[in-house]
Amino acid sequence: MFYPQRQRFIAYVAICLIAAWIVLMAMGGPAANTRAQAPPAILDDDSIIRVALNRTLGPSPDLDHDAITVVSKGGMVVTAGPGGPEFLVAPGDALTFKRASGGIDIELSAATLGTRMDLGVFSGPIRMRPRDPALPLGITNLRRPKVSPYPLYRGSLEISPSPAPAKLRVVNELRLGDYLRGVVPNEMPGSFNDNALRAQAIAARSYAVFNLQRAALGAQKNASTSHGPGSDIFLCDSPHCQVYYGRTSEDPRSDAAVADTRGIVATFGQEVIDAVYCSTAGGHTESSENVWLDSGPLPYLQAIPDEPGMPDLRTEEGVRRFLSGRMGRFDAVSPNFRWQVTWTRDELERIINEGLVRASQKGRVNPFFMERAERPGRGGAEPGSGPGAGSGVGPSGGIGRLVDLVPLRRGASGRIIALGVVGTNGTWVVNGELNIRSLLKPASGGMLKSSLVAFDFERDASGEIVSVKATGAGYGHGAGMSQWGAEGMARQGYSFSDIIQHYYTGAVMSTVPVRLFASGDNFEGREPYGGEGEPRGGQVRQRFVAPRGVGRLIVSDINAEGIAVTFNGSSRVFYGFEKPPAGDVSFDVSGYLRPGVNEVAFTAVGPAGSHVTVTIALDSGGELK
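For what it's worth, our numbering labels the leading residue of the sequence shown as 524, then goes sequentially.
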């Protein structure tokens, strides 16, 4: 039977009341408005964040969904667009969302009644939250590894029209701490040492906060987390950002690591770092500017050896000594510490011809390489005009016969940054470690594990290549923390802070730096807390773990008369500045902190709009070693 939109909605409510009146009684009244407001800044693990959920998982974002089906065993509350109706969905009933003219179409599948009903088209975004947080929302048409039959998500879900025609996007809104519980066991095995898991929790928290702070500031997106022009998404659930599979993937040991490091991030110069990481560095990490060629150097992402006395890995001789000597005491525990790949010449020529086309499309091949059908005069683009352009543009035979693979430039870790591909039809230069790994795919598929590699050629009597063997080290881009290296360090007795400070040069374990603005109120005789514990006058609270109860308050960017700080609801201290200092000021606050979880409230004091930035640098001192 056809119903106009309003009648369809009334019919749905009638059916839902029959199926869920018991649930409504348990609710104790109407559902509260579900439009949660995200805080203006990320403060700690209680801050609310937004994570886009991909349709499929891969190295690039895939955020556009044809349809989304949501269910909860405990029922859910749905708000259908701004100012739209709010209604209850009974336990076990599902809603399917599809793009429609004018908004989003919602279809109800009422399992309890065996009924399907189209509820009509509503403007987005549409928000859902579970009635019982212990029975979270699930998306039945998503598939994730280690999750069966479908992923469950803490917090709420938001569905909105995508910029792509006829598509939808879905965002999971939840606490930062709950997000990390769904990240850490998917980025690092739960069987790893406790301190490796703690280091992973800090790296994942820092990476997330770094990107979310960029969103809050409206800064230009980081190339490593960009999700397309005009996107307001700064975190997704795929390897493009950090792998996040939701509640179903959580593990008790990684949950403990998140709790043990609550609120702790890695900072440099009172700013949260971009704490990238990789599976296995192979014994030596790489500097960020050699991994992401369009970015400048970062002082905390520099090439770091596992041990002193390594050869110069920018040279072929040094790389071969490094590989054959199996240097690298931390990463040695990894199954990808050293590896080999072999191709026949025919296999590698085919793989290279295909790969040069892909790399050219990214602008990372010089000269431009294209297939015969793409040559000028046949509807294709002109070759590149950079240095060497025109010396080889992919004739009908591709590169011809492979003559050599020449590492033209290596980073400090030995990773190839520029590779020369020499064929009988020309020479091409491929730039960027990821493009090189994508170019030299193993015959079995995937991509080369690392560009920290040396090539050996088997040749016949005439000098023609018969086969090529690549001997390599590590898995991934090699920048930042090596996850298997963290495990190796933890097995050798290093603490989580030792691990972070080894892989991120100059990093400090801290709370999230917060900029405070004064309200202009006179602090004389005024409690930092308002009535019934509510904050007043621009007060900011943070909860965090101080592993040893030791820390220093760092105050920077000082433009206020002082700050009032309340430690754990009892100790109240005022730090004043008669004349704003030119640099940072630090105060030992160890006497106010306690080992374990702390809550600290900050209030800037001074004329309205005056400000300071505060953070607490924490000394873990190997307490969890």
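Note that CB positions come from ideal geometry on N, CA and C, so glycine has one too.
Treat the numbers as computed from the prediction; the structure is a model and nothing was measured.
Closest residue to Arg932 among Arg837, Gly995, Ala977 and Leu957 (Cα-Cα distance): Arg837
Cβ-based neighbour list, Pro1036, same chain, cut-off 6 angstroms, excluding 5 preceding and 5 following: Gln793, Thr1136 and Thr1138
Nearest-angstrom beta carbon gap, Gln1006 and Gln723 [assumed within contact, 8 angstroms]: 7 angstroms
Rounded straight-line distance, which links the Cα of Val856 to that of Gly769: 29 angstroms
Assigned exposure category for Ser811 - 16 Cβ within 10 Å defines buried: buried
Among Pro1118, Arg578 and Asp797, nearest to Lys690 - alpha-carbon criterion: Arg578
Endpoints, alpha helix (DSSP H) assigned at Asp1111: That residue, Asp1111, is in no alpha helix (DSSP H); its beta strand (DSSP E) goes Val1108 to Asp1111.
Residue burial classification, Asp701 (beta-carbon count within 10 angstroms, cutoff 16): buried
Beta-carbon spacing of Asp568, Arg785 below 7 angstroms: yes
C-alpha gap between Gly598 and Val612, whole angstroms: 5 angstroms
Classification of Pro672 by the beta-carbon crowding that lies within 10 angstroms, buried from 16 upward: exposed
Close Cβ partners of Ala726 (< 6 angstroms) along its chain, the five nearest in sequence each way excluded: Ala798, Tyr800 and Met1004
Start and end residues, alpha helix (DSSP H) containing Arg1066: Run containing Arg1066: none in the alpha helix (DSSP H); it sits in the beta strand (DSSP E), Val1063 to Ala1069.
At least 3 beta-carbon pairs within less than 8 angstroms: the region 643 to 660 vs the region 669 to 683: yes
Validate contact between the region 963 to 979 and the region 767 to 783 using beta carbons, cut 8 angstroms, 3 pairs: no
Boundaries (first-last residue) of the beta strand (DSSP E) holding Arg698: Leu691 to Arg698
Between the CA atoms of Pro712 and Ile591 - distance to the nearest angstrom: 30 angstroms
Pairwise C-alpha distance: Asp616 and Ala634: 5 angstroms
Bridge partners - Lys621, DSSP secondary structure assignment: Ala590 and Asp628
6 angstroms CB neighbourhood of Val694 in its chain, flanking five on each side removed: Arg573, Ala575 and Glu681
Closest by C-alpha distance to Leu636, when choosing among Lys621, His1000, Phe892 and Pro614: Pro614
Closer than 7 angstroms to chain C by CB, Ala966: This model lacks chain C altogether, as it is built from one protein chain only.
For Asp869: DSSP bridge partner residues: Looking at the DSSP assignment, Asp869 forms no beta bridge with any residue, so it has no partner.
8 angstroms contact criterion, which Arg1064 and Glu1122 should meet: CB distance rounded: 6 angstroms
Any alpha helix (DSSP H) of 4 or more consecutive residues that is wholly inside the region 822 to 849: 839 to 847
Host beta strand (DSSP E) of Asn709 (start-end): Per DSSP, Asn709 belongs to no beta strand (DSSP E); it is in the alpha helix (DSSP H), Val707 to Glu710.
Ranges of the alpha helix (DSSP H) found wholly within the region 912 to 993, counting only runs of at least 4: 956 to 962
Option nearest Met1012 by Cα separation, candidates Asn718, Ile565 and Thr619: Asn718
Whole-Å CB distance - Asn876 paired with Val952, under 8 angstroms assumed: Not a contact, Cβ separation roughly 16 angstroms.
Buried or exposed by the 16-neighbour rule on C-beta atoms within 10 Å, applied to Lys964: buried
Rounded straight-line distance, which links the Cα of Arg692 to that of Ser685: 5 angstroms
Beta carbon of Pro1130 nearer than 7 angstroms to that of Gly1001: no
Ala1105 - DSSP class collapsed to helix/strand/coil: coil
Between the CA atoms of Thr602 and Ile1023 - distance to the nearest angstrom: 43 angstroms
Contacting residues, own chain, Cβ-Cβ under 8 angstroms from Thr663 (five flanking each side not counted): Thr592, Val593, Val594, Ala617, Pro672 and Tyr673
The region 846 to 862 in contact with the region 1061 to 1077 per 3-pair CB rule at 8 angstroms: no
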